[in-house]
Amino acid sequence: MENINAVALQDLQRSALNEDTIRGMGCYSLPPGKDRVEWLKNNLGYAKRKKSCLSQVCSDILAFPYPCDDYTRVRLYPAIDDAKYLCAKGSSTHLYYLKSDEKKLRKNHIPIIFNEGEKKTACVSQFAGQQYLSLGSSGITQWKNCPEWKQITLKGREVYIAFDRPEIRKPDLEKQLLSLWLWLWKRRAIPKIISWDPEYEKIDDWLCAINTSKDKSCIDAIKESISSAQTNVFDEIKDIDEDYFAETPPKVAHTFWRRMFCDIFYRPELLSQSTCYFSCVP
8 MENINAVALQ DLQRSALNED TIRGMGCYSL PPGKDRVEWL KNNLGYAKRK KSCLSQVCSD
68 ILAFPYPCDD YTRVRLYPAI DDAKYLCAKG SSTHLYYLKS DEKKLRKNHI PIIFNEGEKK
128 TACVSQFAGQ QYLSLGSSGI TQWKNCPEWK QITLKGREVY IAFDRPEIRK PDLEKQLLSL
188 WLWLWKRRAI PKIISWDPEY EKIDDWLCAI NTSKDKSCID AIKESISSAQ TNVFDEIKDI
248 DEDYFAETPP KVAHTFWRRM FCDIFYRPEL LSQSTCYFSC VP
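All residue numbers for the sequence shown refer to my numbering, where the first residue is 8 and numbers rise by one.
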């Protein structure tokens with residue numbers, strides 16, 4: 008892979024990505040020196056982070072072009088102040104998928120597997136083949152306002168959420184899981200939550216282990232996971248703090264969502280009345 012430096016290439020390969028998938032992603036290492044500085048200024052609008060020159064403190068910077076023409080995220084090697092990824096200043100959020108999967112966007116008979124991050128999305132696409140559409144957001148909070156949703160048929164479509172599964176999940180993850188699940192449900196999708204071997208926090212690590220062991224094919228492992236997917240988000244989230252919905256609402260939980268959560272949390276029979284109950288969801 009002549010346009011990707013060794014450090015970045017090894018990182019991609021740790022997600023079990025093969026050469027064809029990496030080429031399909033179109034990712035590339037930024038050129039060194041002044042050319043890197045110019046690229047950062049032209050595409051991100053800045054070349055420094057907290058007074059540190061990115062070109063100098065990073066041994067490599069890998070660019071991930073998105074399917075839309077005007078958005079690229081970069082991966083820093085090494086991370087700076089816990090920031091692994093950066094995007095253009097003031098840019099909107101976008102969904103990530105491989106160009107080869109674009110034809111699946113409107114085909115609601117093809118289930119969606121929804122991931123966080125470019126590498127996981129590409130990994131699932133590689134192993135799921137034509138039977139699933141692998142979509143991803145740049146993070147667990149970056150899914151809602153993506154313009155690409157307008158291109159995707161959701162009504163009647165199964166959507167399997169594959170967010171990371173740490174041993175101890177933070178409340179923010181649980182809240183985003185709840186928000187995404189309800190957002191999809193409002194749009195008449197059929198949201199479910201998949202799990203995998205608890206030894207692995209991330210879906211790409213799990214698929215990489217399956218691919219290495221050769222005990223079964225990755226597509227068979229994916230199908231097994233999907234067959235036991237959780238359909239009720241309230242059975243999935245265990246540690247969410249109900250007081251979160253009683254406080255002054257942050258961005259992800261305004262008054263309507265707080266009322267709806269409390270109604271369903273204490274009156275689970277509403278889950279069977281989703282059509283009428285969610286007719287007024289914003």
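Note that CB positions come from ideal geometry on N, CA and C, so glycine has one too.
A quick note: this is a predicted structure, and the numbers were derived from the prediction, not measured.
Opposite Ala90 in the DSSP bridges: which residues? Within the sequence shown, numbered from 1, the residue matching residue 90 stands at position 83. BP columns for Ala90 point to Ile87.
Can you tell me where the beta strand (DSSP E) with Asp67 in it begins and where it stops? Taking the first residue of the sequence shown as position 1, residue 67 is located at position 60. For Asp67, the uninterrupted beta strand (DSSP E) segment begins and ends at Asp67 to Pro72.
Which residue wins for smallest C-alpha separation from Cys297, given the options Ser232, Leu214, Ile233 and Ser234? Lying outside 8 to 289, the shown extent of the chain, residue 297 is not represented and no answer is given.
Following the continuous alpha helix (DSSP H) through Arg126, name the residue where it begins and the one where it ends. Within the sequence shown, residue 126 is the residue found at index 119, counting from 1. Here residue 126 turns out to be Lys, not Arg, going by the sequence shown. In the DSSP assignment, Lys126 falls within the unbroken alpha helix (DSSP H) covering Glu125 to Ala135.
Is the segment 21-33 touching the segment 119-133 in the sense that three or more CB pairs, one from each, lie closer than 8 Å? Yes, the segment 119-133 is in contact with the segment 21-33.
Going by alpha carbons, who is nearest to Lys58 out of Ser66, Ile87 and Tyr35? Locating residue 58 in the sequence shown gives position 51, counting from the first residue. The shortest C-alpha separation from Lys58 is found at Ile87.
Hey, how far is the Cα of Val259 from the Cα of Cys153? Against the sequence shown, residue 259 aligns to sequence position 252. Against the sequence shown, residue 153 aligns to sequence position 146. Confidence at Val259 is low in this model, with a pLDDT of 44, below 50, so its placement is unreliable and no value can be given for it.
Span separating the alpha-carbon of Tyr35 from that of Leu102: The sequence position of residue 35 within the sequence shown is 28, counting from 1. The sequence position of residue 102 within the sequence shown is 95, counting from 1. If you draw a straight line from the Cα of Tyr35 to the Cα of Leu102, it is about 19 Å long.
Below 8 Å between beta carbons: does that hold for Glu4 and Pro178? No statement about residue 4 is possible, as the shown extent of the chain runs from 8 to 289 and does not include it.
Let me confirm a value: Asn49 is counted as buried when at least 16 other C-beta atoms fall within 10 Å, else exposed. Which label applies? For this step, residue 49 is matched to residue 42 along the sequence shown. By the neighbour-count rule (16 or more Cβ atoms within 10 Å), Asn49 is not buried but exposed.
Identity of the residue in Ala70, Lys106, Asp108 and Leu105 nearest Cys94 by Cα: Mapped onto the sequence shown, residue 94 falls at position 87. Closest by C-alpha distance to Cys94, out of Ala70, Lys106, Asp108 and Leu105, is Ala70.
May I ask you to report which of helix, strand or coil DSSP gives Gln149? As a working note, residue 149 is residue 142 in the sequence shown. DSSP, reduced to helix, strand and coil, places Gln149 outside both helices and strands of the structure shown, so it counts as coil.
Express the C-alpha separation of Trp190 and Asp18 in angstroms, rounding to a whole number. For the purposes of this step, residue 18 is identified with residue 11 of the sequence shown, where counting begins at 1. For the purposes of this step, residue 190 is identified with residue 183 of the sequence shown, where counting begins at 1. The alpha-carbon atoms of Asp18 and Trp190 are separated by roughly 33 Å.
According to DSSP, which residues form a beta bridge with Gln237? Against the sequence shown, residue 237 aligns to sequence position 230. Paired residue(s): Ile200.
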